[in-house]
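As they're listed, the protein sequences go chains A and B.
The letter at position 2 of the first sequence is residue 2 when you use this note's numbering, and the numbering goes up by one with no holes.
The letter at position 36 of the second sequence is residue 1036 when you use this note's numbering, and the numbering goes up by one with no holes.
Before any comments, here is the structure.
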Amino acid sequence: MNLYRNLTIKQKQIVWAWTFLAVPVVFYSVIRFYPTATAILISFQDWNLLGARTWAGFDNYIKLWNDPVFWKVFRNTFAYLLIGTPVSLVLSFVIAYHLDKVRFLHGFMRMMYFLPFMTSAVAMAWVWRWFYQAVPIGLFNNILASFGIAQIEFLNSTTNALPAVLAPAVWAGLGFQVIIFMAGIRAIPTSYYEAARIDGVGWWVVLTQITLPLLRPTIVFIVVFSSIGFLRIFDHVFNMTTNNPGGPLNATKPLVLMIYDTAFNSFNMGYAAAQTVVLFTILMIVSLIQLRLLRSN
Amino acid sequence: MAKQSKPATRNMGQILRWLALFGGGVLMVMPIAYMISTSLKWPHEVYNVNLIPVEPTLDNYLYVLEDGRFYMWFINSGIIAIVTTISNLLFDSLVGYTLCKFKFPGRTIVFIAILSTLMIPTEMLVIPWYLMSQSFGWLDSYWGIMFPGLMTGFGTFLMKQFFETVPDDFIEAARIDGLNELQIWWTVAMPLVKPALAALAIFVFLGNWTAFLWPLIVTNSTEMYTIPVGLSGFGDEADVAWELIMTGAAISTIPTLIVFLIFQRFIIRGVVMAGLKG
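Have a look at this one:
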């Protein structure tokens, strides 16, 4: 205590700061950084969890490059991203744009759109899985049947399964994006709109010249946020196709599901670690490209 | 926004817009409505597309809860979500506060290091975490499920942003009054960022309540499952009927829906805050 009392105010600050940071610094080192390094290290090793860890060099990466399942999974993962992100971006903007102009029961309407965001992906995957079942079980096919329309194979078809799995993921995230868009729209100063009204400018010009350009930061946030989400899709896919994880002929299998299978069903740790490094690289590249594209010009 | 001078009802376009949005909203809640409605139906009525059960029953709930497993999973998820939420509130705000209000060598490095954890996907860490849990005997335990989520870079960043809004003068005044740094953080700074703490609490709680991948990996006995992991396996039991799966899904979702309905405005404001700041 005497030692502490003799310190200058500045030195006392340093002592306090590092006291406060001690536990968190240890936590981040042990639970985040060390495992990151370990994952990269394991990706260069061959290991089935029981035997010895042997050095494999780039073998896992070469194996991945030559693995047709990986390329199928790679295409699926980007299909989730390239369909999911634009669809949810456009839908959420259109909803937010109009919802912002509605006064009657505004709070109630907003609640209806936001509610799915509060649900658990696993629970909802099972609800949607039930919707997609064949007659007489599934809701969608029952509705189609009542109109005399032939039933649709949703989850058991190689072409329909991926969109069918993606739909609940888009549905669940939509409310969040609507709320963020509405906040962005509210933040635009009304003086811009008043000036436009005085000039007698049409709504389309207002939308494309004022609203959208001023929403750029919001759009950047939503695009980055939702594409990271779609690249990491797992819960929905896993639970909608548990009897056959990844759907028919891997039609719905995303990268995270492949990682899970390789590591915890086949216990091929090195190979799975290489896949996680690839996922990390993809996430990094995609977010950097998006930030650059959307922030410039 | 200024209120419109004309009542909305006189405006045809406005009515159409309202109806379209209302229809969309109804579609959005439909899956949740069907989940709840089916959980209240008798087995023979499940395949009826009517939303309203003819003879509503709580039998499915009694059946699922009598089974006992859902109680355990519910309690497991609750304990894990509560502990991680408290831990995040304390540590994220303490670190955010320190990085914001203290000048000390190494500050920038610590900040950048914590920020950089946002770039590392959980999926990359699950294999090392599994190996760690295995060698430390953390597999299949509460600690094993929750240790990765005790602090988050996102929370730290969010709290740091909000501590920027606390004037340094307040902190100086407290120092002159003789409070030590821990007291200043807890009694002066923390009360001033309550809205941010509420937003963070909602995010962490919801995130841990619905977390799936890591609990799926780290647990292997039925007693340690969290609600999403338990539900996932429960649905796979070949003889389980859809009305029971919907009941299980409802049990896992209804608590968050109730919390949402009570704190609706608060949660939406929190989402906006976290979204725009994060």
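Even glycine gets a Cβ: it sits at the ideal position worked out from N, Cα and C.
Bear in mind that the values here come from a model prediction, so they are computed numbers and not experimental data.
- Our two residues, A121 of chain A and I1227 of chain B, have alpha carbons roughly 11 Å apart in a direct line.
- Chain A has no Cβ within less than 8 Å of the Cβ of L1051 of chain B.
- The alpha helix (DSSP H) runs of length 4 or more contained entirely in the stretch 1142-1221 of chain B are, from start to end of the chain, 1142-1146, 1153-1163, 1168-1176, 1194-1210 and 1213-1218.
- Using a Cβ-Cβ cut-off of 8 Å, M109 of chain A counts as an interface residue toward chain B, since at least one Cβ of chain B sits closer than that to its own.
- Interface annotation for the stretch 1231-1246 of chain B against chain A: L1231, S1232, G1235, D1236, W1242, I1245 and M1246, criterion Cβ-Cβ distance under 8 Å.
- Residue pairing by DSSP places W55 of chain A opposite A:Q45 in a beta bridge.
- Pairwise C-beta distances place the stretch 51-69 of chain A in contact with the stretch 253-273 of chain A, as three or more of them are shorter than 8 Å.
- In chain order, P136, I137 and N142 make up the part of chain A whose C-beta sits under 8 Å from the C-beta of Y1047 of chain B.
- Taking a beta-carbon distance threshold of 8 Å, D46 of chain A does not count as an interface residue toward chain B.
- Look at Y80 of chain A here: in three-state DSSP terms it is helix.
- Taking CB atoms only, W204 of chain A has no neighbour in chain B less than 8 Å away.
- When C-beta atoms of the stretch 1245-1256 of chain B are compared with those of the stretch 1156-1169 of chain B, fewer than three pairs fall below 8 Å, so the two segments do not count as touching.
- Per the Cβ contact rule, the stretch 1218-1236 of chain B is in contact with the stretch 1246-1266 of chain B (3 or more Cβ pairs under 8 Å).
- In this structure, the straight-line span from the alpha carbon of D1177 of chain B to that of V23 of chain A is close to 28 Å.
- In this chain, G246 of chain A is not harboured by any alpha helix (DSSP H), its DSSP state being neither H nor E.
- The three-state secondary structure of P1105 of chain B, taken from DSSP, is coil.
- Close partners of L1125 of chain B in chain A (Cβ separation under 9 Å): I31, R32, P35, T36, T38, A39 and T276.
- Minimum Cα-Cα distance from V278 of chain A among the listed residues A:L7, A:A39, A:K10 and A:V15 corresponds to A:A39.
- Chain B places no beta carbon closer than 8 Å to that of M258 of chain A, leaving this residue out of the contacts.
- Judged by beta-carbon spacing, G1024 of chain B lies beyond the 8 Å limit of I180 of chain A, meaning their Cβ atoms are not closer than that value.
- If you draw a straight line from the Cα of D1168 of chain B to the Cα of E1223 of chain B, it is about 49 Å long.
- Taken atom to atom, the span from the alpha-carbon of L231 of chain A to that of P68 of chain A is near 19 Å.
- Within the stretch 4-32 of chain A, no complete beta strand (DSSP E) segment of 3 residues or longer occurs.
- When C-alpha distances from Y1142 of chain B are compared across B:W1214, B:I1120 and B:K1103, the shortest belongs to B:W1214.
- Cβ proximity to chain B below 9 Å picks out D235, F238, N239, T242, N243, L255, V256, I259, Y260, A263 and F264 from the stretch 235-266 of chain A.
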